[in-house]
Structures are given as structure tokens and as C-alpha cells.
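A short worksheet on the structure shown next.
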Amino acid sequence: DEVKIEKKVSWVPDKYKERTMVAAFSCLVRHDDIEALGDLLEVVDKEEESSVRFSGPWAPFSFVQLKGTRR
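Structure, rendered in C-alpha cells:
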């Protein structure tokens with residue numbers, strides 16, 4: 003059987019498609035501080051020639067190390 007792609011779905015919102023990403027950050031933030039981080043990123047987003055895409059909160063899977071395991 004042949005697989006055909008009918009539609010390509012992009013996870014990048016339209017307002018970011020013409021931009022070049024120069025950095026990607028993951029921030030481990032206490033639940034009570036999520037709103038403050040969002041407020042700070044809004045300030046950065048308003049700067050000329052900058053654009054911030056803030057998503058989350060996400061599960062802290064990449065920050066967790068199980069006891070007895072090596073990274």
C-alpha cells in the first residue's frame with residue numbers, strides 16, 4: 003500500500019512562519035511563578051525585532067532525574 007499525505011499541518015503559528023529562530027529555551031518554573039514568567043516574556047515580545055512564543059506549562063520531564071540513574 004502507498005501512503006499519501008493529503009495535508010501538511012504546521013505546528014508553527016502563522017505570525018512566526020517568516021521569522022528565523024535564534025534561540026529556544028526551556029524554563030523550570032514553580033507553578034506560582036508561571037504568570038510572572040509570562041509577564042516578563044510579554045515585555046520581551048514587545049521589543050522591536052523580537053518575537054516570543056510562550057507555550058506551556060509542560061510536564062518537567064526533561065528536568066527530572068530518577069534516583070540511581072545517570073544523566
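So the sequence shown is residues 3 to 73, counted in this note's numbering. Idealized CB from N, CA, C, for every residue including glycine.
DSSP places I7 in the coil class of the three-state scheme, outside both helix and strand. Scanning its chain for C-beta atoms nearer than 7 Å, with the 5 sequence neighbours on each side dropped, one finds around C29 the residues L39, in chain order.
In terms of Cβ geometry, S53 and Y18 form a close pair [threshold 8 Å]. D3 has its alpha-carbon roughly 49 Å from the corresponding atom of E37.
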